[in-house]
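Heads up: the sequence lines are chains B and C, in that order. Residues 1 to 202, numbered by my numbering, are exactly what the first sequence covers, in order. Residues 203 to 404, numbered by my numbering, are exactly what the second sequence covers, in order. Ideal placement from N, C-alpha and C gives every residue a C-beta, glycine not left out. Everything on this sheet refers to the single structure shown next.
There are 2 protein chains.
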Amino acid sequence: MTALDELNRYRSRGADRDVLDALLDEVKVGVLSTVVDGLPWSVPMLFARVGDRILLHGSTGAGALRQVATGAPATFTVFALDGLVVAETLFDHSANYRSAVIRGCLEMVEADEADVLRSLSDKLIPGRASEVPTITGKETAATLTLSMAIGDDNWLCKARSGGPAEGSGDTWTGVIPVSLQFGDPVTATGDEPPASVRSLRR
Amino acid sequence: MTALDELNRYRSRGADRDVLDALLDEVKVGVLSTVVDGLPWSVPMLFARVGDRILLHGSTGAGALRQVATGAPATFTVFALDGLVVAETLFDHSANYRSAVIRGCLEMVEADEADVLRSLSDKLIPGRASEVPTITGKETAATLTLSMAIGDDNWLCKARSGGPAEGSGDTWTGVIPVSLQFGDPVTATGDEPPASVRSLRR
Numbered sequence: 001m002t003a004l005d006e007l008n009r010y011r012s013r014g015a016d017r018d019v020l021d022a023l024l025d026e027v028k029v030g031v032l033s034t035v036v037d038g039l040p041w042s043v044p045m046l047f048a049r050v051g052d053r054i055l056l057h058g059s060t061g062a063g064a065l066r067q068v069a070t071g072a073p074a075t076f077t078v079f080a081l082d083g084l085v086v087a088e089t090l091f092d093h094s095a096n097y098r099s100a101v102i103r104g105c106l107e108m109v110e111a112d113e114a115d116v117l118r119s120l121s122d123k124l125i126p127g128r129a130s131e132v133p134t135i136t137g138k139e140t141a142a143t144l145t146l147s148m149a150i151g152d153d154n155w156l157c158k159a160r161s162g163g164p165a166e167g168s169g170d171t172w173t174g175v176i177p178v179s180l181q182f183g184d185p186v187t188a189t190g191d192e193p194p195a196s197v198r199s200l201r202r
Numbered sequence: 203m204t205a206l207d208e209l210n211r212y213r214s215r216g217a218d219r220d221v222l223d224a225l226l227d228e229v230k231v232g233v234l235s236t237v238v239d240g241l242p243w244s245v246p247m248l249f250a251r252v253g254d255r256i257l258l259h260g261s262t263g264a265g266a267l268r269q270v271a272t273g274a275p276a277t278f279t280v281f282a283l284d285g286l287v288v289a290e291t292l293f294d295h296s297a298n299y300r301s302a303v304i305r306g307c308l309e310m311v312e313a314d315e316a317d318v319l320r321s322l323s324d325k326l327i328p329g330r331a332s333e334v335p336t337i338t339g340k341e342t343a344a345t346l347t348l349s350m351a352i353g354d355d356n357w358l359c360k361a362r363s364g365g366p367a368e369g370s371g372d373t374w375t376g377v378i379p380v381s382l383q384f385g386d387p388v389t390a391t392g393d394e395p396p397a398s399v400r401s402l403r404r
């Protein structure tokens, strides 16, 4: 079985940035890790990429997040599992995936919290932000937004795709595709889901 | 919009371990983070839970993994995104999810590498390990297995489920379910997928 971290490395150069951006725009949750008192500290977070920045959004009440908010070195890790690769031998089994690790320092986002919320919302449910009222000042005051820059050389993007290693051909080998699916919307109030929600169900 | 890290905390005590185990047995990839030279270092990895241990599997050629292999403090973070929660205001939008962070020290697994590979395989594709030949000594020599103990108080499991915060009721609100799906197997060699592969497609 082949580890997720060893195959088909695409380092941060040239056109590979397109691969990174596509992954960041598709995946909805990543893992933020930093160092607190010499020990690793991690939390999964919703995020959005806006240009050359990753935006992370939390509550001002989230103590640990605040603690690491300014200037802390951090990693932000995302992945998409795309398939399970079935081979003749257990050793040759593998996974198709795309992953990225971005290293950088967390920065507080002071201005335009409302814009950040809209960016995050538009990434999760495209079009939703324009269907709801403008965010109030009280609401933006209760949020904490962090960002991390995507530079020229502070990230690593890796992927594996394709079929299993060649074997004897005597037994079945292949790939089981894996993907994140949106189900039928479950109504809490109202009659018909808005356009944003309907278009998310492809 | 509500952050993934602030809702419905289930701390590690009593029956909550069941929630953790169910999550660990369902999710196939987690993020391993540790500290190297004072900086955070992260990598996504396939894993399996066996009893009170998380087993992580890599290649002996993966240098960074070897560097952190023995005794390094680490976190292992897993999450499942279960739904997008659509509310009346952008601020009240949220996500349904389950997540866990386990803190501990990485240990090398010396014995029974073959058993570890079987455990990992059986987690990813239940039943597959018994359909393939026994792993060879050469193959196990090329693998590096790390483990982290699940103790009484070294993990945090959190979740949010249910509908959106109550609003005026004038507009549609609800939840868009999200889940990881297995597609139809894609054949590389052979005719008919084995029972393990067929049963994975529910």
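(message) In whole angstroms, give me the CA-to-CA distance for residue 20 (chain B) and residue 133 (chain B).
(response) Reading the first sequence from its first residue, position 20 is the one you call residue 20 (chain B). Reading the first sequence from its first residue, position 133 is the one you call residue 133 (chain B). Each residue's alpha carbon lies about 32 Å from the other.
(request) Mind checking who residue 43 (chain B) pairs with in its DSSP beta bridge? (result) If you number the first sequence from 1, residue 43 (chain B) lands on position 43. Note: residue 43 (chain B) sits in a beta bridge opposite B:32.
(message) Taking 8 Å as the threshold (beta carbon to beta carbon), is residue 28 (chain B) in contact with chain C?
(response) The count along the first sequence starts at 1 and reaches residue 28 (chain B) at position 28. Chain C, which has a Cβ nearer than 8 Å to the Cβ of residue 28 (chain B), makes this yes.
(message) Please report the straight-line C-alpha distance between residue 97 (chain B) and residue 115 (chain B), rounded to a whole angstrom.
(response) Against the first sequence, residue 97 (chain B) aligns to sequence position 97. Against the first sequence, residue 115 (chain B) aligns to sequence position 115. Rounded to the nearest angstrom, the two C-alpha atoms are 31 Å apart.
(message) So that I know if they touch, is there some Cβ in chain B lying closer than 8 Å to that of residue 226 (chain C)?
(response) Walking along the second sequence from the start, residue 226 (chain C) turns up at place 24. Not closer than 8 Å to any Cβ of chain B, the Cβ of residue 226 (chain C) fails to qualify, so no.
(request) Can you tell me which of B:196, B:181, B:109 and B:141 puts its alpha carbon nearest to the alpha carbon of residue 26 (chain B)? (result) Against the first sequence, residue 26 (chain B) aligns to sequence position 26. Looking only at B:196, B:181, B:109 and B:141, the smallest Cα-Cα distance to residue 26 (chain B) is reached by B:181.
(message) At the level of alpha carbons, what is the spacing between residue 80 (chain B) and residue 74 (chain B)?
(response) As a first step, residue 80 (chain B) must be located in the first sequence, where it is residue number 80. As a first step, residue 74 (chain B) must be located in the first sequence, where it is residue number 74. Cα to Cα, the separation comes out at about 20 Å.
(request) Tell me where the alpha helix (DSSP H) around residue 195 (chain B) begins and ends. (result) Start at 1 with the first residue of the first sequence, and residue 195 (chain B) comes out as number 195. Following the DSSP letters along the chain, one finds residue 195 (chain B) inside the alpha helix (DSSP H) bounded by residues 195 to 200.
(request) Give the interface partners of residue 357 (chain C) over in chain B, defined as CB-CB distance under 7 Å, in chain order. (result) Stepping through the second sequence from its first residue, residue 357 (chain C) is reached at position 155. Contact of residue 357 (chain C) with chain B by beta-carbon distance below 7 Å is absent, the smallest such distance being about 12 Å.
(request) Please classify residue 318 (chain C): does DSSP put it in a helix, a strand, or coil? (result) Residue 318 (chain C) sits at position 116 when you count from the first residue of the second sequence. Of the three classes helix, strand and coil, the one that applies to residue 318 (chain C) here is helix, per DSSP.
(request) Locate the alpha helix (DSSP H) running through residue 342 (chain C), then write down its first and last residues. (result) The sequence position of residue 342 (chain C) within the second sequence is 140, counting from 1. Start and end: 339 to 343.
(request) Quick one: which residues of the stretch 378 to 403 of chain C get their C-beta closer than 9 Å to a C-beta of chain B? List them in chain order. (result) Of all residues in the stretch 378 to 403 of chain C, only 378, 379, 380, 381, 382, 383, 384, 385, 386, 387, 388, 389, 390, 391, 392, 393, 394, 395, 396, 398, 399, 402 and 403 place a beta-carbon less than 9 Å from a beta-carbon of chain B.
(message) My output table needs one value for residue 394 (chain C): the three-state DSSP class, helix, strand or coil.
(response) Translated into positions along the second sequence, residue 394 (chain C) becomes position 192. It is coil, neither helix nor strand.
(request) Could you name the residues of chain B that residue 373 (chain C) contacts, counting a contact when the two beta carbons are closer than 7 Å? (result) In the second sequence, the residue the question calls residue 373 (chain C) occupies position 171. What residue 373 (chain C) touches in chain B: 190.
(request) Can you tell me which of B:128, B:95, B:201 and B:17 puts its alpha carbon nearest to the alpha carbon of residue 231 (chain C)? (result) If you number the second sequence from 1, residue 231 (chain C) lands on position 29. It is B:95 whose Cα lies nearest to the Cα of residue 231 (chain C).
(request) Check whether the Cβ of residue 309 (chain C) lies closer than 8 Å to any Cβ atom in chain B. (result) Looking up residue 309 (chain C) in the second sequence gives position 107. Chain B, which has no Cβ nearer than 8 Å to the Cβ of residue 309 (chain C), makes this no.
(request) Flag residue 321 (chain C) as yes if its beta-carbon sits less than 8 Å from any beta-carbon of chain B, otherwise no. (result) One-based indexing of the second sequence puts residue 321 (chain C) at position 119. It does not: the Cβ of residue 321 (chain C) has no partner Cβ on chain B nearer than 8 Å.
(message) Since residue 311 (chain C) and residue 348 (chain C) should fall inside the 8 Å C-beta cutoff, what is the C-beta to C-beta distance between them, to a whole number of angstroms?
(response) Position 109 of the second sequence, counted from the start, is the residue given in the question as residue 311 (chain C). Position 146 of the second sequence, counted from the start, is the residue given in the question as residue 348 (chain C). 7 Å between Cβ atoms; contact.
(message) What does DSSP give as the partner residue(s) for residue 85 (chain B) in the beta ladder?
(response) Start at 1 with the first residue of the first sequence, and residue 85 (chain B) comes out as number 85. Beta-bridge analysis with DSSP links residue 85 (chain B) to B:94 and B:175.
(request) Starting from the Cα of residue 170 (chain B), find the closest Cα among B:88, B:51, B:152 and B:71 and give me that residue. (result) Position 170 of the first sequence holds residue 170 (chain B). Among B:88, B:51, B:152 and B:71, the Cα nearest to that of residue 170 (chain B) is on B:88.
(request) Mind reading off the beta-carbon distance from residue 242 (chain C) to residue 34 (chain B)? Whole number of angstroms is fine, and I expect it under 8 Å. (result) The sequence position of residue 242 (chain C) within the second sequence is 40, counting from 1. The sequence position of residue 34 (chain B) within the first sequence is 34, counting from 1. Going by Cβ atoms, the distance from residue 242 (chain C) to residue 34 (chain B) rounds to 5 Å, so yes, they are a contact pair.
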